[in-house]
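First comes the structure, then the notes that go with it.
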Amino acid sequence: MLFVAAMLAARPGLSQQASLEEKWRALFAQTSPAAAEEHIDAVLAACGDSPAALRKLFACDSAYPQLGGGLHRRATTVVDGETRYDVEYVVRVPGGYSPVRSCALLLAAHGQGGSGASITAMMQRGLGAEVEKYIIVAPTLPGPRRYAGAAYQEQAYLKPLAWARLNLNVDDDRIYVSGHSLGGHCTWHLATMFPHLFAAAVPMAGVPLFEGSPYTSNSYLENLANLPVWAIWGELDQKGPGTLSNVHFCRMAAERLRQLGNSKFEGTELPGVGHAGWWPKPEAYARYLTSHKRLAAPEKLVHFFHRARHGRAYYVEAIRLARDELDFSRRPQPKLRVQPGESLAEAAIRTGKQVYDKSLFKIWADLDKGANAMSIRASGVSAVRVYATEGMFDLSRPVTLRFAGRSWTGGISASARCMLTHYAATRDATAVICNEVDVDSAGKVLVRFGPSGGGETAE
0 MLFVAAMLAA RPGLSQQASL EEKWRALFAQ TSPAAAEEHI DAVLAACGDS
50 PAALRKLFAC DSAYPQLGGG LHRRATTVVD GETRYDVEYV VRVPGGYSPV
100 RSCALLLAAH GQGGSGASIT AMMQRGLGAE VEKYIIVAPT LPGPRRYAGA
150 AYQEQAYLKP LAWARLNLNV DDDRIYVSGH SLGGHCTWHL ATMFPHLFAA
200 AVPMAGVPLF EGSPYTSNSY LENLANLPVW AIWGELDQKG PGTLSNVHFC
250 RMAAERLRQL GNSKFEGTEL PGVGHAGWWP KPEAYARYLT SHKRLAAPEK
300 LVHFFHRARH GRAYYVEAIR LARDELDFSR RPQPKLRVQP GESLAEAAIR
350 TGKQVYDKSL FKIWADLDKG ANAMSIRASG VSAVRVYATE GMFDLSRPVT
400 LRFAGRSWTG GISASARCML THYAATRDAT AVICNEVDVD SAGKVLVRFG
450 PSGGGETAE
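Using numbering that gives the first Met the number 0, the first residue of the sequence shown is number 0, and each one after it goes up by one.
Here it is, written out as structure tokens:
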């Protein structure tokens, strides 16, 4: 009934059988709602192209399939270059789930030799009775059981997550990622490269592992400035993805995050334990998750990356790079100088990092809500897209955007088409994107959704 009431409030005078509800449900019955332009057009026409009407619909949306509690097994495919991978995943729905109430979600990553089913069972034990407050999405990693930060490995987790957000009433401010061992590597990776998706991350017995590791292990940790991370590892954990053990890599990451002044990071080294056979106490694990909600529009952000697919940083995305991406197949071979107290392996990682870091793409953004302005700096990036998320700017006033030493001030309106297109892709009701603005280093600005639905260009 909440959804019907929202429909009536969104378009006074319509009956319960009126076209808006039918068109809304038809839109989200599509396999890919964001690509269903005819259905989007129909909803916009039915609600009078009104941003205010859409906000009410987003807030009370319950047009989800009815999925019963328990384990549901699903499958999808991901593609990396010319190779296709089949991905199986488990979705655990709590017994009390209802499409009319949003629910937190835990994206769970399994360890070496594990599966989506095995990590789901571990999360059930790890959360105890609190598990009934979470939808659990747990893919089984396809291909070689070695996490290397490859595109298909990312998508093996992100695609099932996207399915869950579209088909279950997920609280987008309470999406968490966690895993153990190989799943801990994955957790570090997803949290670091896609921090805007999550409220918090808990990697266990895993290390920051990316393409180009071990030289890139600490290259992107600046990206975690706005995401709470609780990393847990054993003092005696001698497992490792490369030249050093897990405990060494975890200590290096913790030290780097402390150097960066990251107040959201918590590192716990468990004395006297190794790689396996331990888990945080259920009450502590659940308490950590529930104490954090997503920060959708931080006032300051830093984002470092080597791949264009990692160019999104909350409300800013690199849409044109000023140079080619790094070729990771060409391993650095710099001359090593071992510093006092440093092992040969540590010297190799430090020196290799210096080489790879020269090719980093970098974005810094400062949001000044009082001045209704945003300042963006970048290295290796010649054009960015700003996602004007609701609450970032006062859209009744001119907005100022600064990029590459140039400044633009103008109007940005809330666009119903932009809002619905993004909502149809994510069903994110709390980080509503009202418009998109493209800015390049030459001073060209494009407000992508104008009053008529088309873009507006300004120099």
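We put the beta carbon where it would ideally sit given N, CA and C, even for glycine.
Same chain only: Cβ atoms within 7 Å of residue i, ignoring 5 sequence neighbours per side
i	result
Ala163	Val90, Leu104, Ile134, Val136 and Val169
Ser18	Ala45
Asp323	none
Ala33	Thr420, Ala423 and Ala424
Thr76	Arg83, Tyr84, Asp85 and Val86
Delimiting residues of the alpha helix (DSSP H) encompassing residue i
i	result
Val398	Counting along the chain, Val398 falls outside any alpha helix (DSSP H), though it belongs to the beta strand (DSSP E) covering Val398 to Phe402.
Ile39	Glu36 to Ala45
Trp407	It is not in any alpha helix (DSSP H) - Trp407 instead sits in the beta strand (DSSP E) that spans Arg405 to Gly409.
Cys59	Counting along the chain, Cys59 falls outside any alpha helix (DSSP H), and DSSP gives it neither H nor E.
Phe360	Segment Phe360 to Asp367 is the beta strand (DSSP E) holding Phe360; no alpha helix (DSSP H) there.
Gly260	Neither: Gly260 is in no alpha helix (DSSP H) and is coded neither H nor E.
Ala230	Careful: Ala230 lies outside any alpha helix (DSSP H), inside the beta strand (DSSP E) at Val228 to Gly233.
Ala200	Run containing Ala200: none in the alpha helix (DSSP H); it sits in the beta strand (DSSP E), Ala199 to Met203.
Thr420	Ala415 to Thr425
Leu394	Note, Leu394: premise wrong, no alpha helix (DSSP H); not H, not E.
Where the beta strand (DSSP E) containing residue i begins and where it ends
i	result
Tyr313	Taken as a continuous stretch (DSSP letters only), Tyr313 belongs to no beta strand (DSSP E), as it is neither H nor E.
Gly178	Val169 to His179
Phe264	Phe264 to Leu269
DSSP-derived helix/strand/coil call for residue i
i	result
Thr388	strand
Pro138	strand
Glu298	coil
Glu87	strand
Lys158	helix
Pro32	helix
Ser440	coil
Gly95	coil
Leu104	strand
Val77	strand
Pro213	coil
Gly182	helix
Ala283	helix
Glu131	helix
Ala346	helix
Trp187	helix
His247	helix
Arg376	strand
Ser117	helix
Phe327	coil
Leu70	strand
Leu208	coil
Ala382	strand
Val3	Here the model assigns Val3 a pLDDT of 48, short of 50, so the residue's position is not dependable, and the following value carries that caveat. Here Val3 sits in helix by DSSP.
Ile318	strand
Phe448	coil
Option in the options with minimal Cα separation from residue i
i	options	result
Pro64	Arg83, Arg24, Gly94 and Cys46	Arg24
Val130	Gly95, Ile432, Ala45 and Leu256	Gly95
Ala74	Gly68, Asp85 and Glu81	Asp85
Tyr156	Gly182, Ala283 and Tyr386	Gly182
Leu259	Ile231, Asp60 and Asn222	Asn222
Asn166	Glu298, Leu196 and Cys102	Cys102
Ser212	Ala344, Ala116, Val446 and Ala423	Ala344
Tyr355	Gln338, Ser328 and Gly340	Ser328
Asp48	Ala430, Ser412, Ala428 and Val446	Ser412
Glu21	Leu43, Asn225 and His109	Leu43
Asp326	Asp172, Lys357, Val337 and Glu341	Lys357
Val398	Lys132, Asn434 and Arg426	Asn434
Phe392	Pro194, Val431 and Gly340	Val431
Test item: CB-CB of residue i and residue j under 8 Å
i	j	result
Val315	Ile348	no
Tyr151	Cys185	no
Tyr219	Met192	yes
Thr139	Glu87	yes
Asp437	Ala382	yes
Val385	Ala317	no
Phe448	Leu359	no
Ala174	Met203	In the sequence under discussion, the amino acid at residue 174 is Ile, which differs from the Ala named in the question. In this structure, Met203 does not lie closer than 8 Å to Ile174 by Cβ.
Gly480	Val92	The displayed coordinates of the chain run from 0 to 458. Any statement about residue 480 would go beyond what the structure contains.
Ile118	Ala108	yes
Glu210	Ala149	yes
Asn225	Pro331	no
Ala200	Ser177	yes
Val272	Pro240	no
Ile39	Leu26	yes
Residues near residue i by beta carbon distance below 6 Å, same chain, minus five either side
i	result
Ser440	Ser381 and Ala403
Lys299	Asp365
Ala275	none
Gly351	Tyr214 and Pro331
Tyr284	Gly125
Arg426	Arg164 and Leu165
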